[in-house]
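Numbering (the working numbering), first residue to last: 4 to 263.
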């Protein structure tokens, strides 16, 4: 395939997914906005008034970046995993893609692009909701860091969702990972607390959690500080992207679990 036809193939896959996302906006956008509003009300307004400050900033401002990141993670993952699963079992369009001249990297890019777009858009919506609860006083220290972590985190979990979509044999297999893996990792990744407030053992356990670094890097863009070095956060993010790209390339290239 020449460059023009590769672009057409990528654009077609991306456009199809984006149109689907906006067509069923009640399922894709609304739940995250409602859930985040409840988090802001409970953890921010009710508990935040009693906690006061966390690391020298109002507690509400401290939790907003974490809640935005949680929405990005869950939606980027859900989008690519379901999209691939749907193509494999319902539409059966994956068979046509496998016999097409599209290289594996282009198929990967086409499937994860919708997840990246959905993750970033929902992250922006949740951030807007958070502004109302912080009285429009949410600080932004480094906009470039915020955008970098929002886009690349969406990419990481779109790639992770694609791996899940390849291996999944039923819709239950799609839902089990967000419920039993992603949700505990996000809650234990420092969304609602600083790692410095934990006992020493719990602190070391938190350091093993990759989402801890993504949340802290994202928070650094807002508040100008984090529990770990921003370069450590960037390094973890880059490592996850490279590893997941390699895994997805191998799965698509070999057709593992795809070719009948």
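Note that the Cβ used here is the ideal one computed from N, Cα and C, for glycine as well. All of these numbers come straight from a predicted model, not from anything done at the bench.
Item                                                                                                                        : Value
Range covered by the alpha helix (DSSP H) that runs through residue 157                                                     : 146-170
Residues of its chain near residue 60, where Cβ-Cβ distance is below 7 Å and the 5 sequence neighbours each way are ignored : 226
Neighbourhood of residue 71 by C-beta, 6 Å cutoff - its chain only, sequence neighbours within 5 removed                    : 126, 129 and 130
Extent of the continuous alpha helix (DSSP H) run through residue 20                                                        : 6-26
Assigned exposure category for residue 175 - 16 Cβ within 10 Å defines buried                                               : exposed
Cβ contact (3+ pairs, closer than 8 Å) linking the region 184-198 and the region 89-102                                     : no
Local Cβ density within 10 Å of residue 153, reported as buried at 16 or more and exposed below that                        : buried
Candidates 37, 89, 38 and 247, of which the one nearest residue 177 by Cα                                                   : 89
Reduced DSSP category for residue 29 - H, G, I as helix; E, B as strand; rest coil                                          : helix
Backbone CA spacing between residue 54 and residue 163 [nearest angstrom]                                                   : 35 Å
contact_flag[the region 146-160, the region 229-242] where n(CB pairs < 8 Å) is 3 or more                                   : yes
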